[in-house]
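Number 15 in the UniProt record's numbering belongs to position 15 of the sequence shown; there are no gaps in the numbering.
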Amino acid sequence: MATHVRVLGRVLDRAKTVGYTDLCNTAKSHVRV
(Lines of atoms letter the chains of each structure in order from A; the text may use other names.)
(Lines give C-alpha, C1' and ligand atoms only; values in the text may rest on other atoms or scores of the structure.)
Protein backbone atom coordinates (compact mmCIF):
# COMPACT_ATOMS: atom_id res chain seq x y z
CA MET A 1 0.00 0.00 0.00
CA ALA A 2 2.82 2.42 0.88
CA THR A 3 4.30 2.16 -2.62
CA HIS A 4 0.93 2.86 -4.22
CA VAL A 5 0.50 5.94 -2.05
CA ARG A 6 3.97 7.16 -3.00
CA VAL A 7 3.31 6.71 -6.71
CA LEU A 8 -0.08 8.41 -6.39
CA GLY A 9 1.58 11.29 -4.54
CA ARG A 10 4.19 11.66 -7.28
CA VAL A 11 1.52 11.66 -9.99
CA LEU A 12 -0.52 14.27 -8.13
CA ASP A 13 2.54 16.47 -7.55
CA ARG A 14 3.48 16.17 -11.22
CA ALA A 15 -0.09 17.02 -12.26
CA LYS A 16 -0.06 20.07 -9.98
CA THR A 17 3.23 21.26 -11.46
CA VAL A 18 2.04 20.75 -15.05
CA GLY A 19 -1.29 22.41 -14.31
CA TYR A 20 0.45 25.36 -12.70
CA THR A 21 2.81 25.70 -15.67
CA ASP A 22 -0.07 25.53 -18.15
CA LEU A 23 -1.93 28.15 -16.13
CA CYS A 24 1.08 30.48 -16.20
CA ASN A 25 1.54 29.98 -19.95
CA THR A 26 -2.14 30.70 -20.56
CA ALA A 27 -1.98 33.85 -18.44
CA LYS A 28 1.14 35.04 -20.30
CA SER A 29 -0.49 34.48 -23.69
CA HIS A 30 -3.57 36.44 -22.56
CA VAL A 31 -1.38 39.28 -21.30
CA ARG A 32 0.42 39.43 -24.67
CA VAL A 33 -2.88 39.79 -26.47
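Built from N, CA and C at the ideal position, the CB exists for glycine as well.
Return the CA-CA distance between Cys27 and His4, expressed in angstroms with no decimal places. Along the sequence shown, read from residue 1 onward, the residue named residue 27 stands at position 27. Along the sequence shown, read from residue 1 onward, the residue named residue 4 stands at position 4. One detail in the question is off: residue 27 reads as Ala in this sequence, not Cys. For Ala27 and His4, the distance between alpha carbons rounds to 34 Å.
If we ignore side chains and look at the alpha-carbon of each, how far apart do Val31 and Asn25 end up? If you number the sequence shown from 1, residue 31 lands on position 31. If you number the sequence shown from 1, residue 25 lands on position 25. In a straight line, the C-alpha of Val31 is about 10 Å away from that of Asn25.
How many angstroms separate the CA atom of Leu23 from the CA atom of Asp13? To locate residue 23, count along the sequence shown from 1; it is residue 23. To locate residue 13, count along the sequence shown from 1; it is residue 13. Going by the C-alpha atoms only, they are around 15 Å apart.
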